[in-house]
Amino acid sequence: MAASRYRRFLRLCEEWPVEETKRQRDLGAFLRQRVAQAFREGENTPVADPEACDQMYESLVRIHTNYYKNKYPRLKDTTFTGVTVEDCRMILATDILKQMEDMKKGTWRRLREKFSAKKPEEDLN
Numbered sequence: 001m002a003a004s005r006y007r008r009f010l011r012l013c014e015e016w017p018v019e020e021t022k023r024q025r026d027l028g029a030f031l032r033q034r035v036a037q038a039f040r041e042g043e044n045t046p047v048a049d050p051e052a053c054d055q056m057y058e059s060l061v062r063i064h065t066n067y068y069k070n071k072y073p074r075l076k077d078t079t080f081t082g083v084t085v086e087d088c089r090m091i092l093a094t095d096i097l098k099q100m101e102d103m104k105k106g107t108w109r110r111l112r113e114k115f116s117a118k119k120p121e122e123d124l125n
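Quick note: the sequence shown, position 80, residue 80 per this note's numbering, numbers continuous.
Below, the structure is given as structure tokens:
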């Protein structure tokens with residue numbers, strides 16, 4: 001029975017897309033990592049709580065297949081701010097978040113980082 005659970009999770013991992021714009025924050029990559037940890041021995045891994053494992057799998061399938069998005073369709077694909085889904089994806093991309101974090105730094109700190117050979121974390125110690 002553990003072998004079939006393992007194969008179902010592997011199939012789900014194959015189907016789940018990895019979003020390159022969200023490096024180290026992507027649900028697909030996290031899912032692959034957790035499945036690898038949970039099933040270290042592959043098909044021979046004993047499952048401690050089969051009911052919880054099956055429930056987790058079913059929940060992930062519902063997320064992957066957009067079950068609730070299809071069950072409760074929205075009238076418009078915008079938020080209260082008027083931002084579209086694609087704009088939200090762009091804003092939440094890792095590169096954009098890094099740029100925004102750099103913008104938060106003060107001018108003096110940016111100049112010091114630019115012309116300093118040391119990392120700014122070393123100055124704090």
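The beta carbon of each residue, even a glycine, is placed where N, CA and C say it ideally should be.
- Distances from the alpha-carbon of glutamate 15 to those of Arg110, Leu75, Arg7 put Arg7 closest.
- By the Cβ rule, the stretch 77 to 93 counts as touching the stretch 15 to 33, because three or more pairs are nearer than 8 Å.
- Taken in chain order, the complete alpha helix (DSSP H) segments of 4 residues or longer contained in the stretch 46 to 73 are 50 to 64, 67 to 71.
- In the three-state scheme derived from DSSP, where H, G and I count as helix and E and B as strand, threonine 84 is classed as strand.
- Straight through space, the alpha carbons of glycine 42 and lysine 104 are spaced by roughly 45 Å.
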